[in-house]
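Each residue of the sequence shown is one higher than the one before, counting from 1023 in this note's numbering.
The C-beta atom is built at its ideal place from N, Cα and C for all residues, glycine as well.
For reference, the structure is listed below as structure tokens.
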Amino acid sequence: MQFDTANRNKDIFIATDNFYSMKKKTFKDFLAANINPEKKLFTKGAIVYNAEGTAADEPIVGDGVWLEYWEAASLKAIPDKCPCCNEPLDRNSGNIHGTHIQINQSVLAKRFIIPTCAGCNGKHGQQLNINYVDEILGIEAINK
Ligand SMILES: [Zn+2]
């Protein structure tokens, strides 16, 4: 889905009806915050690492839910399967998380959010591979 800049607000409110969070407030807050997190496209075969020490981090907008931050920033739909392990990302069971990843294991590495299953979200410090989607957009994690 393409978004027309002139109608960006309107489009977002239409789009949110199909989004996981359904929290239009998160989208509104994201626009109002006037932030521009880096977007990094990870393609199939990319090797990434689950970040460590992020448990207390909260996104700069929204109600502390990184998945909602990812949606508001990416304007992408959550994939049906976990990009890393192919587990179904079922909205009803809540088995979808906004996971902090980085491209290497340096503590200084920039952290990005991608949607994954709970299992992959919990693999702190471990390697994850993007194997089950053609591409997934990572959104730079900006903390409150
Ligand atoms: Zn997974």
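query, result
"Relative to the C-alpha of H1015, which residue among A1077, D1156 and I1125 is closest?", "This structure cannot speak to residue 1015, because the chain is shown only from 1023 to 1166."
"Which same chain residues end up closer than 8 Å to I1057 when comparing Cβ atoms and leaving out the 5 residues on each side of it in sequence?", "I1082, V1083 and I1164"
"DSSP on A1165, reduced to helix/strand/coil?", "Per the sequence shown, residue 1165 should be read as Asn rather than Ala. It is a strand residue."
"Curious, which full-length beta strand (DSSP E) runs of at least 3 residues does the stretch 1119-1161 contain?", "1119-1124, 1134-1138 and 1149-1151"
"Pick from I1069, N1143 and S1096: whose alpha carbon is nearest that of G1116?", "N1143"
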